[in-house]
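Protein chains in written order, with the numbering used here: chain A, 1 to 218; chain B, 1001 to 1557.
So the structure is just underneath, and the comments pick up after that.
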Amino acid sequence: MHRTGELYGQFQTLEQQKASATLGMWIFLATEILFFGGLFLTYTINRQAYPDVFADASKTLSLPLGTINTLVLIASSLTMAMAVWSAEVGKKKLIPLFLVLTLILGSIFLFIKGIEYHDKYVEHHIPGLPFQFEPGSSVATNAHAELFFSLYFGMTGLHAMHMVVGVGLLIWLLRQSLKGRFTPDYNTPIENVGLYWHFVDIVWIYLYPLLYLIDRHK
Amino acid sequence: MATTTTAPAYTMPRDHYLNSSYGIRSWLLTTDHKRIAWLYLAGVTFFFTLGGIFAAMIRIHLLVPNGLLVSPETYNKLFTMHGVAMIFFFLIPSIPAVLGNFLIPLMIGAKDVAFPKLNLLSWYVYITGGCFVLYAFATGGLDTGWTFYTPLSSVYSNSAVAPAVIGIFINGFSSILTGINFAVTIHTMRAPGMTWFRLPLFIWAHYATSIIFILGTPVIAITLLLVALERVFHLGFFNPALGGDPILFQHLFWFYSHPAVYIMILPAMGVISEIIPTFARKPIFGYTFIAASSISIAVIGFFVWAHHMFLTGESTYAALAFSLLSYLVAIPSAVKVFNWTATLYKGSISYDTPMLYALGFIGLFLIGGLTGLFLACLGLDINIHDTYFVIAHFHYIMVGGAIMGYLGGLHFWWPKITGKLYPEFLARVAAITLFVGFNLTFGPQFLLGLMGMPRRYHNYPPEFQVLNVLSTAGASILAIGYLLPMVYFTWSVRYGKVAGPNPWPATGLEWSTDSPPPAENFDVTPVVDWEPYDYKNRADLGLGTSVAPLAPAHGDD
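Okay, structure coming up:
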């Protein structure tokens, strides 16, 4: 197995290797935009069709928990950026510190998500299991609310899966950083995981208003 | 065979990528792009054979008006599984994963692709997706059509839809990873002096294909995932009974599946752009335009998807826009056909097997492409949509075009890949058999479509029988055309004549290294200071006169 930081056999120079890795990550993120994009399109079509039911369903989500999660994730992007910065300026001891902070914040996000999911389970708002919106809702309202929650679980679930992958990547980075592998000359893995983490954050920044803030002002 | 040339008898190089290591693990754990190409060759050939068996059963069944072979429900499964196997597991991977994987690093002067381990992972992902789909085929089959329209696929079908769509979903990641790998490789790993406009057009074609892999495949992935969720958890995205929208499915599906057809044809066009200059011994006409047309097809191809949906009740204005754009996307394809033809003009043409396939491609792609314009015409499509006219149209492009491009490429690069020559006479016989069989199979289907025979029907009115019988007869000849190469390619690996580095000869960088290439591709990293397709000026290959060297294609280096 190649060690992180060595020149891999297919490349001529380390610059080429770094350019390839970074370009590869950007292109991968482009595919992720299209991947989530299909869900966003489905959401848009359905919200436009059933605006009132979507608004009512949205109000059953916990605004405090969603907002805390948004702030937690934005903070984790800050600590991630700080980890990348530490590597670039050669402050090797700070790298694991900021990675751990990012890990903690990411875990808090997932933990709160778990609480929210549990609440939805208790309220019978999980599609597929016996789903029941407000008692006394018409069949159509029930079906349209189930659509909202299908999208809620689909979109936040896909997002959460990406967060879990991100957590795994952070643990790997943490181990490498504790071995002192990252220097100002070589910090491509942190940079690229940073790109990935920021992307996952941006997806949430779109998800939060679309799911939690429908007609809250009314 | 009497040798009349004074060329030396070649011997196989002592060390090359095929004997650099032995054993099953050296193949299943390889990161060598050349070996991965062989792994894909095995996979796509398997699925091609499977899809071909389904096709044979369809054609036999349609020999008589009431159907000869199977029940109506089974017939639905036959055409569905034929489509799924052929499109997702043969056509889409074929040229990129086999020829692209093998040739791209060689053509740009690199030792491998940018991410060799990801390349191997792509193959394992392909195999995993294939296993899910085979499981679906074996446990109830699939009867929804390869297009999986909802709510039949997501609610009402009693066939194995869930494992099948999961398999296709998984397979999508194979495409995505390959697209990322190719795009990065072409951007960052070109040899010194290999500027963008010195790249072979095969590379431009694969770059354009990678754009589609990257931007289009994720959409089908999420769409099929939603179908699976809907089916398993009874959600309602696409089910009108639960407030969902089946037309939304069609938009999402075709947003990928239309660009997918360009995934299937652009690499084949890249192959043709390599073969024609070689066997006309002339530089290709209009290099820059052909390169630009590949990119244009990839881009414009993303804006035409709803021409598959003209009869769903979409608004007239939308239909007009999609129809107009569909006509526009034909223009870059026509540019290529004109340029290939202009390349032939005043060339010194020889009719080796790759050239036979390339010439066949030009004619059959022309017919297929022009009939696409018939379908893009709104008024006409009302009558010929969902008839055999559509089937004939896309088979002319996918078989007469893409598969002939694939076979032409396999023949052209077989000496490089194996170090051996295939038997030329037998190969020409096979190519002509294939061409005749193909036209007899699908030509009558245009007429059937115009006469009103619907597609995906297990029976038909008696007056259509003659054309159906002709079509089935053609299919049996076509089958021979496919079987022959399978036999003689296998034979040639052991018993074929040794090819030497450059048997044709051709001017690409891949021909400057041994046949088969060493594991590292080049003993010394090449430095490129010549233009591509410089057939008039390569005395070292026995080509050309003392004409001045080819000017750069785009005016600056």
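Ideal Cβ placement from N, Cα and C applies to all residues, glycine included.
Bear in mind the structure is a predicted one, so any value in this text is a computation, not a measurement.
- Across the set B:W1305, B:C1377, B:I1276, the C-alpha of B:I1276 shows the shortest separation from the C-alpha of S1350 (chain B).
- With respect to N1521 (chain B), L1235 (chain B) sits apart: the two C-beta atoms are not nearer than 8 Å.
- The Cβ of T44 (chain A) sits no closer than 8 Å to any Cβ of chain B.
- Annotation: the continuous alpha helix (DSSP H) that includes K1336 (chain B) extends over 1316–1344.
- Under DSSP, K1420 (chain B) takes part in a beta bridge, and its partners are B:V1498.
- When Cβ pairs closer than 8 Å are counted between the two stretches, the segment 1280–1289 of chain B is seen not to touch the segment 1410–1420 of chain B, the count staying below three.
- Sequence-ordered contacts of the segment 128–150 of chain A with chain B read G128, A140, A143, H144, E146, L147, S150 [C-beta pairs closer than 8 Å].
- Within chain A, A19, S20, A21, L23, G24, I27 have C-beta atoms less than 9 Å from the C-beta of V1184 (chain B), given in sequence order.
- Contact of T60 (chain A) with chain B by beta-carbon distance below 7 Å is absent, the smallest such distance being about 18 Å.
- Those residues of the segment 1312–1323 of chain B placed with their C-beta closer than 7 Å to a C-beta in chain A do not exist.
- Segment contact: the segment 1314–1325 of chain B against the segment 1353–1368 of chain B, fewer than three CB-CB distances shorter than 8 Å; contact not assigned.
- Within the segment 1196–1213 of chain B, no residue places its CB atom closer than 7 Å to a CB of chain A.
- Within 8 Å of the CB of D1015 (chain B), no CB atom of chain A is found; the nearest one sits about 17 Å away.
- A Cβ-Cβ contact shorter than 8 Å links F1303 (chain B) with L1325 (chain B).
- Shown here, P1532 (chain B) sits in coil according to DSSP, grouped into three states, outside any helix or strand.
- Listed along chain A, the residues sitting closer than 9 Å to F1233 (chain B) by beta-carbon distance are P127, G128, L129, S150.
- A distance below 7 Å between beta-carbons, with the five flanking residues on each side excluded, links I115 (chain A) to the following residues of its chain, in chain order: L65.
- Close CB contacts of P1485 (chain B) within its chain, under the 6 Å cut and outside five residues either way in sequence, are with A1430 (chain order).
- Contact between the segment 1330–1347 of chain B and the segment 1240–1258 of chain B is absent, with fewer than three C-beta pairs closer than 8 Å.
- Residue pairing by DSSP puts T1387 (chain B) in a beta bridge opposite B:P1454.
- At least 8 Å separates the beta-carbon of I112 (chain A) from that of F149 (chain A).
- At a cut-off of 8 Å, the C-beta of I1297 (chain B) has no neighbouring C-beta in chain A.
- Residues of chain B whose Cβ lies closer than 7 Å to the Cβ of T31 (chain A) are, in chain order, I1176, I1214, P1218.
- Taking 8 Å as the CB threshold, H1187 (chain B) lines the interface with chain A.
- In summary, I1290 (chain B) is buried, with 16 or more beta-carbon neighbours lying within 10 Å of its beta-carbon over all protein chains present.
- An exposed status is given to R216 (chain A), since fewer than 16 other beta-carbon atoms sit within 10 Å of its beta-carbon.
- Of all residues in the segment 1526–1543 of chain B, none comes within less than 8 Å of chain A when Cβ atoms are compared.
- Annotation for K120 (chain A): I126 place their beta carbon closer than 6 Å to its own, counting only its chain and skipping 5 residues before and after.
- Taking CB atoms only, L1248 (chain B) has a neighbour in chain A less than 8 Å away.
- Contact annotation: the segment 1010–1026 of chain B does not touch the segment 1112–1124 of chain B, with fewer than three C-beta pairs closer than 8 Å.
- If you look at L1252 (chain B), you'll find it in the alpha helix (DSSP H) that goes 1246–1280.
- Contact between F1374 (chain B) and L1380 (chain B) holds: CB atoms are separated by about 6 Å, below the 8 Å threshold.
- Against chain A, the beta carbon of P1116 (chain B) has neighbours under 9 Å at Y8, G9, Q10, listed in chain order.
- If you draw a 10 Å sphere on the C-beta of N1019 (chain B), you find fewer than 16 other C-beta atoms in it, and that means exposed.
- Annotated three-state conformation of W1491 (chain B) is helix, per DSSP.
- Going by beta carbons, F1079 (chain B) and I1058 (chain B) fall inside the 8 Å limit.
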